[in-house]
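The numbering of the sequence shown is the working numbering, which starts it at 19 and goes up by one.
Below you'll find the structure, written out as structure tokens, and then a few comments.
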Amino acid sequence: MNVTSEVLKDYVFGELNASERRAVESAVAADGALREELARLQLTQAALFSLREEELPRRIAFVSDKVFEPKWWQGWLHSGPRLGFASAALLAGAIVFHGFSQAPAVPAPAVDQARLERRITEEVSRALPVALEQAENRHRMQLAAAIQEADGKYQRLRQEDQMAMEASYSLFTQKQAARMVAWVQNSGGEAR
19 MNVTSEVLKD
29 YVFGELNASE
39 RRAVESAVAA
49 DGALREELAR
59 LQLTQAALFS
69 LREEELPRRI
79 AFVSDKVFEP
89 KWWQGWLHSG
99 PRLGFASAAL
109 LAGAIVFHGF
119 SQAPAVPAPA
129 VDQARLERRI
139 TEEVSRALPV
149 ALEQAENRHR
159 MQLAAAIQEA
169 DGKYQRLRQE
179 DQMAMEASYS
189 LFTQKQAARM
199 VAWVQNSGGE
209 AR
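Structural data, given as structure tokens:
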């Protein structure tokens with residue numbers, strides 16, 4: 019079998035059947051250049067297998083492709099002054115729109131003063147007697163309660179004064195009687 023570099027690559031990647039593998043192994047053992055090529059391929063394979071696997075890109079694009087150009091809104095977002103101007107313009111537009119969109123104020127309907135005064139007078143004349151009667155009743159009740167409380171207070175004071183007077187009179191009569199007895203004893207019965 020004639021062993022070429024493609025056959026050696028197939029051998030390294032394990033794509034040969036058993037008879038072809040034995041033929042390549044015998045050819046490599048006989049030829050030093052093939053042995054050196056096989057060692058180089060195995061070293062390359064070991065280096066490739068030591069790298070982590072990465073997902074292949076779905077589409078290969080060049081820098082000049084339209085895919086890499088920013089969208090129109092990305093250009094506006096990445097530019098501070100433009101974004102500030104756009105915000106100010108939007109705010110000014112909203113203020114102007116709000117100013118012109120307001121309906122003019124409708125004037126209040128004209129009020130008939132005479133009718134309003136007549137209605138107020140009727141309401142007052144209807145509600146005033148009732149309110150006065152309620153106020154007078156409330157005043158009478160408060161006055162009666164105050165008079166009753168004052169009468170009770172004065173009655174208690176009068177009873178206390180009467181009891182104090184009776185106690186004073188009783189003490190006075192006892193003292194008077196004691197003086198009389200003392201006088202009679204001192205005079206030795208001369209008054210008989």
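Here a beta-carbon is modelled for each residue, glycine too, at the ideal position from N, C-alpha and C.
Small disclaimer: the values here were computed from a predicted structure and weren't measured.
Boundaries of the alpha helix (DSSP H) harbouring R137: Q131 to S205, taken from the DSSP string. No Cβ-Cβ contact shorter than 9 Å links L34 with V46. Note on the stretch 30-80: there is no whole beta strand (DSSP E) run with a minimum of 3 residues. Contact annotation, L69 with V21: C-beta distance approximately 28 Å; criterion of less than 8 Å not satisfied. CA-CA distance, T191 to Q177, rounds to 21 Å. The Cβ-Cβ distance between S23 and E55 falls below 9 Å. In the three-state scheme derived from DSSP, where H, G and I count as helix and E and B as strand, S105 is classed as helix. Contact between V30 and Q63 holds, with the beta-carbon distance rounding to 6 Å and staying under 8 Å.
DSSP, reduced to helix, strand and coil, places A110 within a helical segment of the structure shown. In the structure shown, K89 adopts coil according to DSSP, grouped into three states. Taking 9 Å as the cut-off, the Cβ atoms of L101 and L109 do not count as close. The Cβ atoms of K27 and L66 lie no closer than 9 Å to each other.
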